[in-house]
Amino acid sequence: MPANPFIQVAIGCAIVSALILVWLFFRKPPLTNATKLWLLLAIGVLPLATATTGNIAGFEATKSRQFCGSCHVMTPYKTDSEDPKSTTLAARHSHNDLFGEENCYACHADYGMFGTIVTKMGGLRHVYEYTMHYRNMPLEEAREKIRIRRPFKNSTCMHCHSTEGPTWNAVKDHASILYAVRGGYVSCASEGCHGPAHPFTKKKVSKDAKAEADTVLETEKAVTP
Amino acid sequence: MNAALKERLKARLTKLLRTTLLLQIAGALTLVGLALMVWSMLQPTPLPVMLAMSVGQAIGTTAFALYLFVVIREIRREWRGKPKKDPGA
Chain A
0 MPANPFIQVA
10 IGCAIVSALI
20 LVWLFFRKPP
30 LTNATKLWLL
40 LAIGVLPLAT
50 ATTGNIAGFE
60 ATKSRQFCGS
70 CHVMTPYKTD
80 SEDPKSTTLA
90 ARHSHNDLFG
100 EENCYACHAD
110 YGMFGTIVTK
120 MGGLRHVYEY
130 TMHYRNMPLE
140 EAREKIRIRR
150 PFKNSTCMHC
160 HSTEGPTWNA
170 VKDHASILYA
180 VRGGYVSCAS
190 EGCHGPAHPF
200 TKKKVSKDAK
210 AEADTVLETE
220 KAVTP
Chain B
0 MNAALKERLK
10 ARLTKLLRTT
20 LLLQIAGALT
30 LVGLALMVWS
40 MLQPTPLPVM
50 LAMSVGQAIG
60 TTAFALYLFV
70 VIREIRREWR
80 GKPKKDPGA
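For the protein sequence lines, the chains are A and B, in the order given.
Mapped onto numbering that gives the first Met the number 0, the consecutive letters of the first sequence carry residue numbers 0 to 224.
Mapped onto numbering that gives the first Met the number 0, the consecutive letters of the second sequence carry residue numbers 0 to 88.
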């Protein structure tokens, strides 16, 4: 049984509801007020409780690294995050208890007013892309092709690293590019600063270069026996 | 549409809208919705979670709507069947 209390409540309500329904199905009592109340409990109240607590548990589950890594193309990223010896930016954050099991979500979530909704919408696009394009893609190919959709925002880093603290500003490199960092002109996760975040992070490429790379890949695949 | 066909359709619809049958359908739909939700909690991967949050909830809502339809219809029938109070009394 999962330890999450929301899941326990949801499963408990679902079991009670199912038991009442099965009992009513076999007993077939007349439709009296008491039967209507039992049905209200089994079809209305308890499933509603299951749905509410289940939704909370579901949204929490979508934040976990396990969930992000359940698509095979994310396996290398998940493995790197879990590796205690890895020194990549993502792994170092996942070793921090504040990020822990939710390190993918903590860094890739949008923290704006509608951040959660925007992030979930992005997640739905991930599911669509995976189902339509990457589901059967070999890991080696996926590692080359899959890249972040938009440049990683500094505001995500600045949610924790505010750039206001004296310790942060004591670093000369930080102080010299303070406004560029705050304005998002220099990425925290860029090479030479703290990046790349993952061992497989790829530089942003133009559409022409991407098309060219795709053509080369297709040619290689065609030539390979 | 001729009268015989209308009668047949009406009879079929009446049979379909029987209280017992509608409640059985509502119960079965509830069980399916609950099963999807429980599956998503025991195996929280993208497919079960998305199915539970979309299809599962739609099924559950349909079941509850069916229940409400039946109960409200029953209550209305009961009210219609009651003798009217004498306004002068």
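Built from N, CA and C at the ideal position, the CB exists for glycine as well.
| query | result |
| --- | --- |
| In its own chain, which residues sit with a C-beta less than 7 Å from the C-beta of A:Leu-97, not counting the 5 before and 5 after it? | none |
| For A:Ala-41, which residues of its own chain have a beta-carbon under 6 Å away from its beta-carbon, when the five flanking residues on both sides are left out? | Ser-16, Ile-19 and Leu-20 |
| Fully enclosed by the stretch 8-94 of chain A, which beta strand (DSSP E) runs are 3 residues long or longer? | none |
| Quick check on B:Gly-55: does DSSP put it in helix, strand or coil? | helix |
| Might you give, ordered along the chain, the residues of its own chain that have their beta carbon closer than 6 Å to the beta carbon of B:Leu-50, omitting 5 neighbours on each side? | Leu-35 |
| By a C-beta neighbour count over all protein chains shown, 10 Å radius and 16 as the cutoff for buried, is A:Phe-25 buried or exposed? | exposed |
| Which of the three DSSP states, helix, strand or coil, is assigned to A:Gly-183? | coil |
| For the stretch 21-32 of chain B, list every residue whose C-beta sits within 9 Å of some C-beta in chain A, in sequence order. | Leu-22, Gln-23, Ala-25, Gly-26, Ala-27, Leu-28, Thr-29, Leu-30 and Gly-32 |
| Can you give me the C-alpha to C-alpha distance between A:Ala-141 and A:Phe-199, rounded to a whole angstrom? | 10 Å |
| Closest to A:Arg-64 by C-alpha separation, out of A:Glu-100, A:Asp-79 and A:His-71, would be which residue? | A:Glu-100 |
| Express the C-alpha separation of A:Val-44 and B:Val-70 in angstroms, rounding to a whole number. | 15 Å |
| By Cβ distance, which residues of its chain are closer than 6 Å to A:Pro-224, with the 5 residues on each side in sequence left out? | Bear in mind that the predicted position of A:Pro-224 carries a pLDDT of just 49, short of 50, making it unreliable; the figure below should be weighed with that in mind. Excluding residues within five positions, none has a Cβ falling inside 6 Å. |
| Could you tell me which residues DSSP puts in a beta bridge with A:Glu-190? | A:Gly-194 |
| Does B:Ser-53 get closer than 7 Å to chain A when you measure Cβ to Cβ? | no |
| Compute the beta-carbon to beta-carbon distance between B:Met-40 and A:Ala-48, rounded to the nearest angstrom, for a pair I have assumed lies under 8 Å. | B:Met-40 to A:Ala-48, Cβ: 13 Å. No contact. |
| To be precise: take each residue of the stretch 100-120 of chain A, compare its Cβ to all Cβ atoms of chain B, and keep it if any distance is under 7 Å. Which residues remain? | none |
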